[in-house]
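Number of protein chains: 2
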Amino acid sequence: MDDINFAVLGTGGIGRRTLEVSEHKDHLTPVAACDRHGVAVDHEGLDVDELLAATEANIASDGGTATRGGTDGGVKQSGQNAGVAASVQAEPTETPIDDVIDESDAIDAVLVALPNFEHDFIPRVADRFAAAGYEGVLVDVLKRSRVIDMLDDRTDRFEESGITFVCGAGATPGLLTGAAALAAQSFVEIDEVEIWWGVGLKSGYEDNRGTVREDVAHLDGYTIEDAREMSDAEIETVIDEHDGVIEFEDMEHADDVLLERAGVCDAEDVTVGGILDVTSDEKPTTTTVSVTGTTFDGETGTNTFELDDATSMEANVNGPALGYLKAGVRRNRAGEYGVFGPADLMPGF
Amino acid sequence: MDDINFAVLGTGGIGRRTLEVSEHKDHLTPVAACDRHGVAVDHEGLDVDELLAATEANIASDGGTATRGGTDGGVKQSGQNAGVAASVQAEPTETPIDDVIDESDAIDAVLVALPNFEHDFIPRVADRFAAAGYEGVLVDVLKRSRVIDMLDDRTDRFEESGITFVCGAGATPGLLTGAAALAAQSFVEIDEVEIWWGVGLKSGYEDNRGTVREDVAHLDGYTIEDAREMSDAEIETVIDEHDGVIEFEDMEHADDVLLERAGVCDAEDVTVGGILDVTSDEKPTTTTVSVTGTTFDGETGTNTFELDDATSMEANVNGPALGYLKAGVRRNRAGEYGVFGPADLMPGF
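So, in structure tokens, the structure goes:
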């Protein structure tokens, strides 16, 4: 594979850790990164260490879409905690995404590491790239099933522009969706896909408040709108009510529609749940994908994929995000445009 | 994905069962099948049930390359056990592969389900397709590491012709190689990939004598040439000496070079072993892929992929073979030619 220049939109936990992981990867050069107040571009390659140090407190709990300009729990506005703008490589800007789009002729892939509290937020970001005639890859790590349809609605637009959009390319959906698609290969009929995750997020909590907020929206009695409007204190209260350990059932995770659109099974046969523990860095339960199906010779069985408890959520999101990004670039360079889920980048079912 | 017309070269256990599995798959139409004495072609789609009934005793222990024309353990020469030629859809032929090549303008993909006792046998079959200007996919389920280099040497030839060659696309290498590539995504550095398989092959033994023969070649003290020259009785003697349960260590399985060429790890960090039990249909051990690596945040862990003991070797070879075939067709239609391993069809590492 040839070299890949990529950009990161958003420098919260996922954006920053992806930049860090890319330092370990061959052929990947980060050339642009932005948050809501700043943009850093260097087509020779960003100095990731410097940028990470500058953005270390860039926790962006609200994903940059709720309390713009606030300082409580958002990006610090001054000193070394001012986000991307604090980097010596960066410029302050009012139009960070447009600034990256302006440079996109020389960018092969863009990781959209922005929380998606408004369901059409990431689709609308993609629209802006398409409107600018971007030819390259967009990758996101979104979770919500309903967003996939919004992206599929844009297939023609992506094809006209030359965009290969890889959606749901984190851990779940992402790594685990791909594992389900692969585990399904033993069977001719899939009865059930169960995705069960464990996340221990004590020391990583500050860095992943956006993710936790989005998880809260999956709890009974809460909507995505509720979670977006809640203050950080209200989020803390919910967590405290669960003594810091929250179990989720039947989450709206896009694994279901991503497996269905790849022809693996019906969306309704996919269940996603898990346990989040913010009191410990140990995982409260082992992350497992179980695929139950029937073989051509009439046997029923369950293939399983298990992540070691020692692998952090960050490792399981950021490695796959870059892995799918590479797969997307390969597709893009072969002239394949449109919307791809993780399971579309696996052997066909 | 659009409809795919495919052919099968060889109607031993793998070829026949792949035809059977394809009946459960959308968009896959088998249009040609051959063994050494017969060829069946129907561009509207073969009658698989009839063909399977006709070839049921087509055990081809020697893979069609050793005792041509013999009747001991090879294809029966008359009646309903005469192989493909016994099918009402087929014609007898002296040149079965050439006959399929003659039809290949209308064939999207060819599964090469021939044993590869001569290491260059499958590469030479590919040469014949390339010489005829075939534009499409070739898929094999070969095992030996050294064959991959022979295929890579032909990359230019494949690209000139328009061939996408997907190699090692069975269970191992194949499904398990892909699982290893996916499991590696949590890590930035891979320490070790261990592939361990269990096969219970009592009722399926007659149908898979070629596979067993090839396995014997992996035993200490035996070479591939030994295994090819041995009579069926000599093979039986080896099996009896092990009381029907043979354990294999450090097998030369192409998983190693396929993972290395995909950039996942060094070939020497991959080990393949397993247990074959011809006295039972139960698996003697659980087939498992273990990938041990280091995460970006410095943790060491082992991700695992396990196949249910109820899934047969056949299910785990034939599903993936067709899955990778579909992935290969997609690549081919996008204009991507050359040699692809299973891990090349996964997210990049």
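For the record, the sequence lines run as chains A and B.
If you count by full-length UniProt numbering, then the first sequence holds residues 1 to 349, one letter each, in order.
If you count by full-length UniProt numbering, then the second sequence holds residues 1 to 349, one letter each, in order.
Ideal Cβ placement from N, Cα and C applies to all residues, glycine included.
Report the partner residues of residue i according to the DSSP bridge assignment.
| i | result |
| --- | --- |
| Val272/B | Ile195/B |
| Ala109/B | Phe6/B, Val137/B |
| Ala32/B | Ala7/B, Val41/B |
| Phe305/A | Val289/A, Phe305/B |
| Asp277/A | Gly200/A, Val245/A |
| Glu189/A | Thr294/A |
| Pro92/A | Gly38/A |
| Gly174/B | Gly170/B |
| Leu164/B | For clarity, residue 164/B is Thr in the given sequence; the question names Leu instead. Val137/B, Gly338/B, per the DSSP bridge assignment. |
| Thr300/A | Thr294/A |
Check whether the Cβ of residue i lies closer than 8 Å to any Cβ atom in chain A.
| i | result |
| --- | --- |
| Asn318/B | yes |
| Tyr205/B | no |
| Ala267/B | no |
| Val339/B | no |
| Phe332/B | Before going further, note that residue 332/B is Asn rather than Phe in the sequence given. Not one chain A Cβ lies under 8 Å of Asn332/B. |
| Arg105/B | For the sequence presented, residue 105/B should be read as Asp rather than Arg. Answer no: the Cβ-Cβ gap between Asp105/B and chain A never drops below 8 Å. |
| Asp26/B | yes |
| Lys76/B | Any reading at Lys76/B must be qualified, since the residue scores a pLDDT of 41, below 50, and its modelled position is unreliable; the value itself is stated next. So, not an interface residue. |
| Ser161/B | no |
| Gly200/B | no |
| Thr285/B | no |
| Ala310/B | yes |
| Phe6/B | no |
| Glu20/B | yes |
| Ala315/B | yes |
For residue i and residue j, I'd like the C-alpha separation in whole angstroms.
| i | j | result |
| --- | --- | --- |
| Gly152/B | Glu229/A | A small fix is needed here, since residue 152/B is Asp in this sequence, not Gly. Taking the straight line joining both Cα atoms gives about 57 Å. |
| Val212/A | Glu252/A | 15 Å |
| Leu276/A | Val199/A | 5 Å |
| residue 384/B | Val84/A | Residue 384/B falls outside the range modelled here, since chain B spans only 1 to 349, and no answer is possible. |
| Gly274/B | Glu194/A | 28 Å |
| Phe248/A | Glu268/A | 17 Å |
| Gly204/B | Gly301/A | 19 Å |
| Glu56/B | Val88/B | 14 Å |
| Ser231/A | Glu225/A | 12 Å |
| Ala181/A | Asp26/B | 16 Å |
| Ser312/A | Leu259/A | 24 Å |
| Asp266/B | Glu192/B | 9 Å |
| Asp35/A | Thr271/B | 45 Å |
| Val242/A | Gly319/B | Looking at the sequence itself, residue 242/A is His, so the reference to Val does not match. Going by the C-alpha atoms only, they are around 44 Å apart. |
| Cys167/B | Arg124/B | 14 Å |
| Ile122/A | Val112/A | 8 Å |
| Thr304/A | Ser186/A | 12 Å |
| Ser280/A | Val264/B | 31 Å |
| Ala132/A | Ala321/A | 24 Å |
| Val147/B | Ala169/B | 13 Å |
| residue 353/A | Val31/A | No statement about residue 353/A is possible, as the shown extent of chain A runs from 1 to 349 and does not include it. |
| Trp197/A | Ile190/B | 23 Å |
| Ala217/B | Thr223/B | 5 Å |
| Gly73/A | Asp207/A | Per-residue confidence for Gly73/A stands at a pLDDT of 38, beneath the threshold of 50, marking its modelled position as unreliable; the derived number appears in the next sentence. Approximately 11 Å between the Cα atoms of the pair. |
| Ala227/A | His119/A | 13 Å |
| Leu138/B | Thr295/A | 25 Å |
| Asp344/A | Glu160/A | 20 Å |
| Ser104/A | Pro115/A | 21 Å |
With 8 Å as the threshold, decide whether the Cβ of residue i is near any Cβ in chain B.
| i | result |
| --- | --- |
| Thr11/A | no |
| Phe349/A | yes |
| Phe187/A | yes |
| Ala327/A | yes |
| Ala180/A | no |
| Thr55/A | no |
| Leu345/A | yes |
| Thr302/A | yes |
| Asp297/A | yes |
| Glu306/A | yes |
Report the neighbours of residue i on chain D: residues whose CB is nearer than 9 Å to its CB, in chain order.
| i | result |
| --- | --- |
| Thr211/B | Absent here is chain D; the protein component of the structure consists of chains A and B. |
> Taking three-plus beta-carbon pairs below 8 Å as touching, is the segment 175-193 of chain A in contact with the segment 289-299 of chain A?
Replying inline: yes
> Does the segment 104-111 of chain A come close enough to the segment 324-341 of chain A that 3 or more CB-CB pairs lie under 8 Å?
Replying inline: yes
> Pairing CB atoms from the segment 232-240 of chain A with CB atoms from the segment 145-160 of chain A, are three or more of them under 8 Å?
Replying inline: no
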